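Below: one structure, written as structure tokens.
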Amino acid sequence: DAKTTQPPSMDCAEGRAANLPCNHSTISGNEYVYWYRQIHSQGPQYIIHGLKNNETNEMASLIITEDRKSSTLILPHATLRDTAVYYCIVLAGGTSYGKLTFGQGTILTVHP
Amino acid sequence: GAVVSQHPSRVICKSGTSVKIECRSLDFQATTMFWYRQFPKQSLMLMATSNEGSKATYEQGVEKDKFLINHASLTLSTLTVTSAHPEDSSFYICSASGGGSLAKNIQYFGAGTRLSVL
Chain B
1219 DAKTTQPPSM
1229 DCAEGRAANL
1239 PCNHSTISGN
1249 EYVYWYRQIH
1259 SQGPQYIIHG
1269 LKNNETNEMA
1279 SLIITEDRKS
1289 STLILPHATL
1299 RDTAVYYCIV
1309 LAGGTSYGKL
1319 TFGQGTILTV
1329 HP
Chain S
2 GAVVSQHPSR
12 VICKSGTSVK
22 IECRSLDFQA
32 TTMFWYRQFP
42 KQSLMLMATS
52 NEGSKATYEQ
62 GVEKDKFLIN
72 HASLTLSTLT
82 VTSAHPEDSS
92 FYICSASGGG
102 SLAKNIQYFG
112 AGTRLSVL
């Protein structure tokens, strides 16, 4: 699976949009981009995933560049409860046996 | 939907004892379950992958005789840490993924179990 690169930390003001970048320049054609987050001392939480089109759900939006070499997770109105470690993971889709490889992620701190 | 329950949330045990951790998918059938370990200030490390009714597949460096995994049904997997020692103290997290209406390759995680071995 392709390797991803994320900034180690980011800050965001409460109520503002949080834009978390991820670089995955070696992504293959059948690999999806998944985002998870882990709030302190809890299990990770699935946020969103996509292949090449932009995706939106009740939690976030995922913007994937046309060449698929990078993506951005957008939390449109960040709250204090969004403070967490955010993981961008690339994984081939289509099976239920995909193993997630968690890197160091981005520590997002939302401040008042 | 897609709730995974993990029990217990915290356990303290003496060195040499065995500890069992349960992971249940409450509202879906989990084709595959995963077990992770997370040490303080580190990321999650996959320990093993298990499919219902078959033997678990362990990651390199994980002792299968020490970390016994059973996935006897589509809603339950257990991890038993045998003869636990202080170095096994860690945060253990399970996840489950399923077929049907749930998108494949999305893993739903339990809340984790914090194991402290004295």
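Sequences listed follow chains B and S, in order. Take the first sequence: its letter number 64 is residue 1282 in this note's numbering, and every next letter is one higher. Take the second sequence: its letter number 13 is residue 14 in this note's numbering, and every next letter is one higher. Ideal Cβ placement from N, Cα and C applies to all residues, glycine included. On a predicted model such as this, the values are computed, not experimentally measured, just so you know.
Check: Measuring CB to CB, does PHE29 of chain S end up less than 8 Å from ALA49 of chain S?; Outcome: no
Check: Can at least three beta-carbon pairs, one atom from the segment 1292-1304 of chain B and one from the segment 1232-1239 of chain B, be found at a separation below 8 Å?; Outcome: yes
Check: What does GLY1316 of chain B touch in chain S if you count any residue whose Cβ is under 7 Å from its own?; Outcome: ASN106
Check: What is the DSSP secondary structure of ARG38 of chain S, reduced to helix, strand or coil?; Outcome: strand
Check: With H, G and I counted as helix, E and B as strand and the rest as coil, what does DSSP make of LEU1298 of chain B?; Outcome: helix
Check: Which parts of the segment 1253-1284 of chain B are runs of the alpha helix (DSSP H), unbroken and 4 residues or longer, counting only runs that do not cross its ends?; Outcome: none
Check: Kindly give me the distance between the Cβ atoms of THR32 of chain S and GLU60 of chain S, rounded to whole angstroms, as I take these residues to be in contact under 8 Å.; Outcome: Not really, about 19 Å apart at Cβ, beyond 8 Å.
Check: Hey, ILE94 of chain S and GLN39 of chain S: beta-carbon distance below 8 Å or not?; Outcome: yes
Check: Between the C-alpha atoms of PHE110 of chain S and ASP1285 of chain B, what's the straight-line distance to the nearest angstrom?; Outcome: 31 Å
Check: Can you give the Cα-Cα distance for HIS86 of chain S and PHE92 of chain S, rounded to whole angstroms?; Outcome: 14 Å
Check: I want to verify the contact list: residues of chain A whose CB lies under 8 Å from the CB of GLY113 of chain S, in sequence order.; Outcome: In the displayed structure, chain A is absent; the protein chains listed are B and S.
Check: Residues of chain B with CB closer than 7 Å to the CB of LEU116 of chain S, please, in chain order.; Outcome: Within chain B, no residue comes near LEU116 of chain S; the closest Cβ sits about 13 Å away, beyond 7 Å.
Check: Output, in chain order, the set of chain B residues within a Cβ distance shorter than 8 Å of ILE13 of chain S.; Outcome: Going along chain B, no residue has its Cβ under 8 Å from ILE13 of chain S, so there is no contact; the nearest lies around 16 Å.
Check: In angstroms, rounded to a whole number, what distance separates the CA positions of ALA1236 of chain B and ASP66 of chain S?; Outcome: 44 Å
Check: Just the C-alpha distance for TYR1252 of chain B and GLY17 of chain S, rounded to the nearest angstrom, thanks.; Outcome: 39 Å
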